[in-house]
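If you're matching positions, the sequence shown starts at 15 in the numbering used here and goes up one per residue. Just so it is clear, CB atoms sit at the ideal spot from N, CA and C, and this is done for glycine as well. Here the structure comes first, spelled out in structure tokens, and everything after it is commentary.
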Amino acid sequence: MKVNNPFVYHVPVGPADFVGRERVLSLIFSQLRSPSRGNISVYGPLGVGKTSLLNYISDPEIAARWGLDPATFILCKIDCQSLGDFTPDHFWRRLLRCMSRMLDGDLQDAVSRLISQDRVGFEDVQDVLDELDWSDRVLVALLDEFECVVRTETEVAEQTTRHFLGMLSSLGRRTPRVFSMIIATERPLTTLDDSLGGWRGSPFPTIFISQELSAFTASEANELFDRALAGTEVTFSDGERRFILEQTGGHPALLQAAAAALFDAKLRGMAGPELQAAVQRAVAEGWANGSGTVSTVRGVELDDATGIVWVNGRQVENLSNKELRLLELLYNNPGRVCQKEEIWQAVWPEYEEGMEDYPIQKLVSRLRQKIEPNPSRPRYILTVWGRGYKFVQS
15 MKVNNPFVYH VPVGPADFVG RERVLSLIFS QLRSPSRGNI SVYGPLGVGK TSLLNYISDP
75 EIAARWGLDP ATFILCKIDC QSLGDFTPDH FWRRLLRCMS RMLDGDLQDA VSRLISQDRV
135 GFEDVQDVLD ELDWSDRVLV ALLDEFECVV RTETEVAEQT TRHFLGMLSS LGRRTPRVFS
195 MIIATERPLT TLDDSLGGWR GSPFPTIFIS QELSAFTASE ANELFDRALA GTEVTFSDGE
255 RRFILEQTGG HPALLQAAAA ALFDAKLRGM AGPELQAAVQ RAVAEGWANG SGTVSTVRGV
315 ELDDATGIVW VNGRQVENLS NKELRLLELL YNNPGRVCQK EEIWQAVWPE YEEGMEDYPI
375 QKLVSRLRQK IEPNPSRPRY ILTVWGRGYK FVQS
């Protein structure tokens, strides 16, 4: 009889197979149940389970077990990557369509009329939230791959992004509290919008409680093994479980891949060193495919003598003198926060008194455009809010 491998990797797990994350889930659901209805930002590397977490939370039956009444809470999950060429109108329409599937009666009719309009604007969304308040309903927007809405490739795109985040920030603080957001990103929100330069009003990340999704604990890993292996007649010894945990560091996607490899190897009759080799091959392939937290790229290289800069072996052209001065300061102080005053002295020594933050923010943005693989998700030059910037070699 053919035995199916019960371990899932390369795709998110469904709510029925979800394990662990009790502390994060407890925080999220307690915030949603609270009258203050907080906003939560979840971040972590590729494959750590962010999408699986949002799928779990947005399942109405699961949410009801955690105390969210289905008659009150409307849980709308949006994959921002699927929005394509992002515009605020596109986003609002997707959110309203998701809502309409969970409504009935007058509320559904009102939302359907908005969707049929030529344009859906911020004021329309506020009107919908007022309708929800009168109907004792609460909308929770679960936004996966949120990086995809932060566009800075042109001045128009940057202005659109800034305006959109401002609208979301306004909704996230709005009273009465009938709207909450749960946002998933690879990096913390504090590093996500720093390529946008200066802000008017409170920065977008300040309205969120930030939670990192880290590696599985030994207890969570064993729960995964036990549930997956139940009814298969295949067992993992304590030593094999420890070996998988050691090899993967508890990273969920790598853990699943390693367990799948061990399961298949056992079905093929392998034993001893062959089993360990199968696990190690799966883990190596997982790292190579981008799972986990370790980057395989060479990173940024700067020749102080010549001023030549390479990123992942590619020479960077057309760095301005100010951009090079900034990079030299950050590059030669890896991991240390360079204060804004220090940046002024290094880049604009002619201005003894310093100036406003905005020129520094624009200079950082321009440098990121030239050295970051994805400027909207900085890998090398990170913002430390209220203090300055630091260089991190991936």
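Item: Could you check whether V154 and L41 sit closer than 9 Å to each other, using their CB atoms as the reference points?; Value: no
Item: Does the separation of the CB atoms of G349 and Y23 fall below 9 Å?; Value: no
Item: Quickly, what does DSSP pair R328 with across the bridge? List them, please.; Value: V325
Item: Measuring alpha carbon to alpha carbon, tell me which residue in L276, M284, G313, A285 is nearest R295.; Value: L276
Item: With a threshold of 6 Å on Cβ separation, who are the neighbours of N53 within its own chain once the five nearest residues in sequence on each side are excluded?; Value: G186, S194, M195, I221, F222
Item: Any contact between the segment 259-271 and the segment 234-249? By contact I mean 3 or more CB pairs, one from each, below 8 Å.; Value: yes
Item: Measure the alpha-carbon distance for L377 versus V139 and round it to whole angstroms.; Value: 35 Å
Item: T397 and T204 - do their beta-carbons sit closer together than 9 Å?; Value: yes
Item: Using the DSSP secondary-structure output, state which residues sit across from C352 in a beta bridge.; Value: Y403
Item: Is the beta carbon of D73 sitting closer than 9 Å to the one on P29?; Value: yes
Item: Among I76, N19, R51, F100, which one has its Cα closest to the Cα of V33?; Value: I76
Item: So what does S130 bridge to, in DSSP terms?; Value: S130 pairs with nothing; no bridge assigned.
Item: Considering only the beta carbon of each residue, do V152 and T86 sit closer than 9 Å?; Value: yes
Item: Taking the C-alpha atoms as reference points, what is the distance between R11 and L381?; Value: The chain is shown only over 15 to 408; residue 11 falls outside these bounds and no answer can be derived.
Item: Indicate the three-state DSSP secondary structure (helix, strand or coil) for D371 in the structure shown.; Value: coil
Item: In the DSSP assignment, what residue or residues form a beta bridge with V314?; Value: V325
Item: Rank R37, I395, S55, S44 by C-alpha distance to the C-alpha of F218 and give the top, closest one.; Value: S55
Item: Going by C-alpha to C-alpha distance, which of F250, P26, E36 sits closest to Q225?; Value: E36
Item: Report the three-state DSSP secondary structure of T175 (helix, strand or coil).; Value: helix
Item: When you compare only the Cα positions, how much space is there between N335 and K354?; Value: 18 Å
Item: Please classify S55: does DSSP put it in a helix, a strand, or coil?; Value: strand
Item: Taking 7 Å as the limit between beta carbons, can you name the residues of its chain near P389, skipping five residues before and five after?; Value: T166, S209, R382, Q383
Item: Would you kindly work out how many angstroms separate the C-alpha atoms of R51 and K64, rounded to a whole number?; Value: 21 Å
Item: Report the rounded CA-to-CA distance for G313 versus I374, giving the unit in angstroms.; Value: 23 Å
Item: Please state if the CB of E337 and the CB of W324 are separated by a distance shorter than 9 Å.; Value: no
Item: Check whether the Cβ atoms of W106 and V62 sit closer than 9 Å, and answer yes or no.; Value: no
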